[in-house]
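Take a look at the structure below.
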Amino acid sequence: MALAIKAEGIVKTFRSGWWHRKVKEVLKGIDLQVEEGEIFGILGPNGAGKTTLLSIFSTLLLPDKGSIKILGIDALQDGHRIRERVNISSGNANFVWSLTVLENLRFYAMLYGLSGKRRETKIESLIDLFGLKEHLEVPFDRLSTGLKQRLSLAKSLLNDPTLLFLDEPTVGLDPGVSIRIRDQIHATQKANRMTILLTTHNMKEAESLCHRIAFLREGKILAVGTPEDLKRVVRVGDLIRIQFEGSISGEELLRMEGVINYSISNGFCEIMVDDAERRAGPLAAILSNGGARIKNLTLEQTDLEDVFVEFSKSAGSDRGLCV
Ligand SMILES: Nc1ncnc2c1ncn2[C@@H]1O[C@H](COP(=O)(O)OP(=O)(O)OP(=O)(O)O)[C@@H](O)[C@H]1O
Ligand SMILES: [Mg+2]
12 MALAIKAEGI VKTFRSGWWH RKVKEVLKGI DLQVEEGEIF GILGPNGAGK
62 TTLLSIFSTL LLPDKGSIKI LGIDALQDGH RIRERVNISS GNANFVWSLT
112 VLENLRFYAM LYGLSGKRRE TKIESLIDLF GLKEHLEVPF DRLSTGLKQR
162 LSLAKSLLND PTLLFLDEPT VGLDPGVSIR IRDQIHATQK ANRMTILLTT
212 HNMKEAESLC HRIAFLREGK ILAVGTPEDL KRVVRVGDLI RIQFEGSISG
262 EELLRMEGVI NYSISNGFCE IMVDDAERRA GPLAAILSNG GARIKNLTLE
312 QTDLEDVFVE FSKSAGSDRG LCV
């Protein structure tokens, strides 16, 4: 599989304060590989360095150290060649405030070298995709946050990018609009087979959208993998909760495949397993055969939030974990 992004040893420091004397190392040696056609998520808390990393990958910012290849092109030497083939949409979209939605789209289309019929056809298809038709004459500064976000996404697809960067695509949006935007991201990625690198601090968003995820904290990558792999590796465990009559043998439970731990008291049993959905059926059958009458059974699955907390606890080591 070809790589859309190959980054090694990225370091970025910002200076601020009097005489630029305050120095802050924001990225502390990032190694990352993103495959072509992936939706890859950079997940991390506020201030982790997500936007800084995205700005470097999209050639808006230079790193202090490190090497970066974007679509096989050296980002430090040939930024202009990369800019033709990538685009970026940001949660804090910055457009010409006094121009309307349509004027802004035409303005950016012109910057990307589109003109005449080609420009109008492209703009029309994006207006349809992001439901902007009724808002075409509204100036940017009067748009709601959700509409600004949709305009930003539409703008980011004007040049049919091979690689798309999305910085917090659903930040500040209500759940309904967020779901719609995620669906649009999914559909666009599938239709155009582009690579998407997105940042978010929303674990659910990362889990629903991304093929692979990198956890970023304090400028370091803690782990990289698919959501499933990351969950498996930390063994936070899913919970199966059973209300029962009769008896359950703890020893028997521990012999069952996938069981990590258990507790039994007063007709309630909590069993920690690697994968609740897979283990619940066989487990219930074995317990029933062993003399328990199951009155109620519920599943509680680990989410990425738990996994991130676990990785953060063991974040002492300098090198990230790749799973
Ligand atoms: N131009 C700048 N000058 C000085 N410090 C900066 C600059 N840009 C970012 N920083 C600092 O770098 C750190 C990382 O910022 P960054 O915006 O990359 O984080 P983030 O993970 O995107 O956070 P958020 O979730 O809030 O968007 C922060 O401490 C921020 O204050
Ligand atoms: Mg940010």
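In my numbering, the protein residues as written are 12 to 334. Built from N, CA and C at the ideal position, the CB exists for glycine as well.
query: So what does DSSP say about Leu-38, is it helix, strand or coil?; result: strand
query: In terms of residues, what are the limits of the alpha helix (DSSP H) holding Asn-115?; result: 112-122
query: Given a cut-off of 7 Å on the beta-carbon distance, is the pair Leu-38 and Lys-23 in contact?; result: yes
query: What does DSSP give as the partner residues of Met-283 in its beta bridges?; result: Leu-250, Asn-272
query: Assign Asn-307 to buried or exposed, taking buried as 16 or more other Cβ atoms, counted over all protein chains shown, within 10 Å of its Cβ.; result: exposed
query: If you measure from the CB of Lys-61, is any heavy atom of ligand 2 nearer than 6 Å?; result: yes
query: Run the CB neighbour count on Gln-312, radius 10 Å, all protein chains shown included, and call it buried at 16 or more, exposed below.; result: exposed
query: Do Gly-102 and Asp-178 have their CB atoms nearer than 7 Å?; result: yes
query: Are the Cβ atoms of Arg-6 and Thr-173 separated by less than 7 Å?; result: Outside the shown range of the chain, which is 12 to 334, sits residue 6, and nothing can be said about it.
query: With a cut-off of 8 Å on the beta carbons, I'd call Ala-165 and Leu-143 a contact; round off their distance for me.; result: 6 Å
query: Less than 7 Å between the C-beta atoms of Gly-83 and Leu-227, yes or no?; result: no
query: So Ser-163 is in the alpha helix (DSSP H); what residue range does that whole segment cover?; result: 156-167
query: How do the stretch 142-157 and the stretch 86-100 stand: do at least 3 beta-carbon pairs fall below 8 Å, yes or no?; result: no
query: Check the C-beta distance from Val-270 over to Ile-282 and give it rounded, since I have them as a contact under 8 Å.; result: 6 Å
query: Using the rule of at least 16 other Cβ atoms within 10 Å of the residue's Cβ for burial, across every protein chain shown, is Asp-329 buried or exposed?; result: For Asp-329, the predicted model reports a pLDDT of 49, less than 50, meaning its position is unreliable and no value from the coordinates is stated.
query: Confirm, please, whether the CB-CB distance from Leu-87 to Gln-44 is below 7 Å.; result: no
query: Would you decide whether Phe-106 is buried or exposed? Buried here means 16 or more other CB atoms lie within 10 Å of its CB.; result: buried
query: Going by DSSP, what residue range makes up the beta strand (DSSP E) through Asp-346?; result: The requested residue 346 is not part of the displayed model; the chain covers only 12 to 334.
query: Under 7 Å, do Leu-265 and Ala-291 count as touching if we go by C-beta distance?; result: no
query: Note down the Cα distance separating Phe-25 from Val-34, rounded to an integer number of angstroms.; result: 6 Å
query: So, with DSSP's three-state summary, where would you put Glu-135?; result: helix
query: Starting from the Cα of Asp-89, find the closest Cα among Asp-75, Ile-53, Thr-70 and give me that residue.; result: Thr-70
query: Which stretch, first to last residue, makes up the alpha helix (DSSP H) that contains Gly-90?; result: 90-94
query: For Gly-257 versus Gly-302, is the C-beta spacing smaller than 7 Å?; result: yes
query: What residues match up with Ser-27 in a beta bridge as DSSP calls it?; result: Lys-33
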